[in-house]
Every structure is written in structure tokens, then in C-alpha cells.
């Protein structure tokens with residue numbers, strides 16, 4: 029059976045690529061420290077020696093649109109192109125081609141359907157910055173096949189937070205029942221407090237530092253019960269109008285498991301939003 | 184209310200560089216053309232299989248024609264779509280990095296929670 033060798037949860041700041049590659053006067057003052065933190069975070073994945081990456085993110089109105097909007101979708105394709113014109117335009121992200129692990133996609137779809145998740149699928153999926161950003165930060169050599177899983181944190185009505193946790197638990201169980209002798213890392217990205225297109229956007233910090241502090245505590249301590257006790261679809265409007273992206277962190281808490289303390293935790297307080305990086309090694313330490 | 188159609192305008196203009204420039208220089212003409220020729224297109228259907236009933240309200244048409252992103256926010260347009268397109272339209276007019284984004288926040292600074300409902 030497959031082995032989940034690392035569970036990783038991260039923010040997906042689209043400006044990291046341009047900040048980290050800028051030189052001279054164009055290089056922002058926070059870039060060097062940001063790069064240092066990302067390189068240390070990257071090492072937590074490298075040390076786990078994965079063969080396959082399951083990548084959990086969310087399409088931001090790129091390929092998925094309101095005339096046919098899935099709640100949870102798994103890509104099942106031999107390849108995935110990335111990114112999109114408006115992400116090249118606004119963030120300077122590079123176009124990429126990723127390989128797919130199609131047999132694991134098929135396994136997650138079949139057994140996920142049987143486990144009570146009516147998963148949508150896509151045989152031709154172009155992926156956006158929610159998956160490309162962690163590839164660029166954590167595995168820039170782009171040498172591993174992926175399974176992309178998209179969640180709807182963006183176009184209401186949304187599934188409730190409990191459902192995101194359940195999805196994570198199910199994904200973990202299904203990967204561990206995949207009859208392949210491969211090492212799988214599960215990487216999911218979302219946001220802490222975030223405002224986009226609202227009056228609190230692009231401030232000197234994230235819009236709600238107190239929410240961010242609590243969120244980091246919930247995630248790093250695996251406190252799913254405490255998190256679900258405070259986080260609802262309604263409550264997530266208060267920290268910032270794009271904070272529903274936090275529910276992708278809740279997927280990863282479900283993957284990691286109840287009460288599982290993260291083995292690696294780091295944060296970086298930037299303008300606009302707080303960066304947050306977490307790694308769990310399910311069997312205690314990279315091996 | 185046709186929040187869906189406003190979002191569809193923002194989405195389809197944003198993904199087409201030529202349309203972004205056309206909307207920047209001729210918003211009234213672009214909105215009129217789009218509502219007449221494009222609003223009913225179903226993006227994953229052939230041209231002969233379009234819808235027949237899509238149209239803006241007068242407030243939505245005026246907000247789009249006026250490049251009035253505070254009004255779009257108040258009408259419940261999806262804020263990510265509005266922000267992304269308007270960055271493409273107007274960020275170039277500001278000298279400072281993030282200057283437009285901060286001015287955008289200031290112009291809707293009178294809005295408080297709960298924000299207008301964006302559900303479609």
C-alpha cells in the first residue's frame with residue numbers, strides 16, 4: 029500500500045515567484061528573508077523523499093465557471109498545463125507542464141464516490157496559482173507526478189467547514205488504501221485572513237492578525253475540534269472577505285489527523301497577508 | 184439583479200487582452216456590444232445554442248459603463264473578479280507599487296460588514 033510520507037499545508041502567495049527572482053532595485057526588502065523561510069520549508073518536503081504529490085487547491089475563476097461549478101473536483105489526466113494569462117499578467121507566474129498520476133486519480137475518484145463524496149472530475153484541467161505556487165516554493169524542479177484536487181472556497185454556496193475536514197480525512201484514508209508501493213506527499217494551500225477586492229485589502233498586515241494567531245495555533249496543534257467550534261461559513265466573513273480559503277487548511281488538518289501536532293511550523297508576517305507553513309510527518313520524522 | 188451576468192462580463196473581458204484594452208478606452212461601447220453580442224453565449228456551448236434571456240439591470244449597466252468598481256462592490260459582483268480586471272485596467276496609471284490597489288481599498292472604505300451578498 030502507498031505510504032503518506034508528508035502532509036504539508038501552506039499559504040500560496042502569488043507574489044513569491046516575482047519577489048524571489050527580482051534583482052537590484054526591483055527586489056523588495058522582504059524578499060531575502062522570505063526566500064530563506066521557503067528554502068527551509070522546501071527541505072521538509074525533500075527530506076520525505078516523495079514519489080507522488082497530491083495537490084489540494086482551488087481554481088480562482090480560471091477554468092471553472094459559474095455555469096457549471098463543482099464543489100470538489102479531482103483531475104484525472106496524464107498532464108496538466110499551467111497557468112493562465114491573468115496570472116502571468118498580474119503575478120509574472122511562468123507557464124508549466126506537470127505530469128499526472130492518473131492511476132491514483134482513478135483510485136481517489138472511485139473510492140471517494142463510494143465513501144460518500146460525489147466528486148467531480150476533469151480529464152483536461154489547466155491548473156492555477158493555488159497549485160503552481162506550492163510547486164514553485166516546494167518542488168521547483170517539477171519532477172514528480174501530481175493529482176490535483178480542487179475545492180470550492182470561492183463561489184457560494186460553499187460546502188461547510190466540517191465537510192472540508194471530512195474530505196481531508198477521506199483523502200488520507202484513500203491514499204493509504206492505494207495498492208501501490210509509492211511514497212505520497214499531500215500538499216494543500218489556502219489562506220489565513222485575507223481580503224481581496226474589499227476595503228481591508230493590501231494593508232500592512234493581514235486584515236485580522238488575531239484570527240491568524242488563532243488559525244496558526246489550531247493548525248499547528250491539530251485542534252480540529254477547537255477550529256470547528258469557532259469557524260463557520262458566516263464567521264469567515266469577519267477576518268476578511270477571501271478568508272474562506274482557510275477551509276483548504278482545514279482539509280489539511282483532516283489529512284494530518286485529529287490532535288496531530290505539526291512537526292514544522294513557520295510564519296512570515298507580510299503586507300496584505302500572513303504566510304504560514306506547516307509540515308507533518310505521519311510516522312514521526314522524515315524517513 | 185443579475186450578479187451572474189455582471190460576473191460573466193468581468194470574467195470574459197479579463198481573460199481577453201484585446202477586450203481589456205477595448206473596455207479601458209471605450210467602456211460604453213464595449214458594454215453595449217457585449218450585452219448585445221456576448222451576454223447570452225454559454226461558454227461551453229456552440230454559438231447556435233446560446234441563452235435567450237440574459238440582460239443587465241440599468242444599475243449594473245451604468246456601473247460597468249462608468250468603470251465604477253465601488254458600485255460593482257455594492258451590487259454584489261464577485262470582488263475577486265472586479266479586482267483582477269480593474270488591476271489590469273488601471274494599475275498602469277499609478278507610479279507606486281500597489282498604488283491602485285490601495286486607492287481601490289480607500290474608495291470602498293465606507294463599506295462595512297456585512298458586505299453585499301455575492302452568492303449567485
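Residue numbers (the numbering used here), protein chains in the order written: chain S, 29 to 315; chain R, 184 to 303.
Just so you know, even glycine gets a beta-carbon here, dropped at the ideal spot from N, CA and C.
On the DSSP bridge assignment, give the partners of residue i in chain order.
i	result
residue 216 of chain S	S:37 and S:84
residue 294 of chain S	S:305
residue 32 of chain S	S:212
residue 177 of chain S	S:84 and S:102
residue 149 of chain S	S:102
Mind pulling the chain R residues with CB within less than 7 Å of residue i?
i	result
residue 25 of chain S	With chain S running from 29 to 315 in the structure shown, residue 25 of chain S is simply not present.
residue 117 of chain S	271
residue 268 of chain S	Going along chain R, no residue has its Cβ under 7 Å from residue 268 of chain S, so there is no contact; the nearest lies around 10 Å.
residue 94 of chain S	187, 190 and 303
residue 89 of chain S	194, 263 and 264
At a CB-CB cut-off below 8 Å, which residues of chain R make contact with residue i?
i	result
residue 185 of chain S	302
Where does the unbroken beta strand (DSSP E) through residue i begin, and where does it stop?
i	result
residue 125 of chain S	124-127
residue 253 of chain R	First-last for residue 253 of chain R: 252-258, but that is the alpha helix (DSSP H), not the beta strand (DSSP E).
residue 109 of chain S	107-110
Please list, in chain order, the chain S residues whose beta carbon lies closer than 7 Å to that of residue i.
i	result
residue 231 of chain R	Neighbours of residue 231 of chain R on chain S: none; closest Cβ ~17 Å, over 7 Å.
residue 198 of chain R	113 and 114
residue 266 of chain R	224 and 225
residue 262 of chain R	224, 225, 226 and 269
residue 296 of chain R	265 and 266
residue 258 of chain R	None at all; the shortest Cβ gap to chain S is about 13 Å.
residue 226 of chain R	93 and 95
Tell me the DSSP secondary structure of residue i in three-state form.
i	result
residue 224 of chain S	coil
residue 234 of chain S	coil
residue 273 of chain S	helix
residue 319 of chain S	There is simply no residue 319 of chain S to check, as chain S begins at 29 and stops at 315 in what is shown.
residue 277 of chain R	coil
residue 133 of chain S	helix
residue 160 of chain S	helix
residue 155 of chain S	strand
residue 298 of chain R	coil
residue 165 of chain S	helix
residue 234 of chain R	coil
residue 300 of chain S	coil
residue 266 of chain S	coil
residue 141 of chain S	helix
residue 229 of chain R	coil
List the endpoints of the continuous alpha helix (DSSP H) containing residue i.
i	result
residue 262 of chain R	262-273
residue 60 of chain S	59-74
residue 289 of chain S	No alpha helix (DSSP H) holds residue 289 of chain S; DSSP gives it neither H nor E.
residue 91 of chain S	First-last for residue 91 of chain S: undefined, no H or E at that position.
residue 216 of chain R	210-220
residue 191 of chain S	189-204
residue 284 of chain R	282-290
residue 239 of chain R	Element bounds for residue 239 of chain R: n/a, residue is neither H nor E.
residue 77 of chain S	Here residue 77 of chain S belongs to no alpha helix (DSSP H), and DSSP marks it neither H nor E.
residue 171 of chain S	Neither: residue 171 of chain S is in no alpha helix (DSSP H) and is coded neither H nor E.
residue 188 of chain R	186-197
Residue i versus chain S: which residues are under 9 Å apart at the beta carbon?
i	result
residue 223 of chain R	Those within 9 Å of residue 223 of chain R in chain S number zero; the least Cβ separation is about 12 Å.
Within the present structure, is the beta-carbon of residue i separated from the nearest heavy atom of the ligand PLP by less than 7 Å?
i	result
residue 199 of chain S	The ligand PLP is absent from the structure shown, which contains no ligands of any kind.
Contact check, residue i vs residue j under 8 Å by CB: the rounded distance?
i	j	result
residue 260 of chain R	residue 203 of chain R	Not quite, the Cβ-Cβ distance comes to about 17 Å (not below 8 Å), so this is no contact.
residue 102 of chain S	residue 147 of chain S	5 Å
residue 19 of chain S	residue 162 of chain S	Beyond the ends of chain S as shown, which are 29 and 315, falls residue 19 of chain S; an answer cannot be given.
residue 202 of chain S	residue 286 of chain S	Actually they are not in contact, since the Cβ atoms of residue 202 of chain S and residue 286 of chain S sit about 17 Å apart, beyond 8 Å.
Quick one: list the residues of chain S neighbouring residue i, beta-carbon separation under 8 Å, in chain order.
i	result
residue 292 of chain R	227
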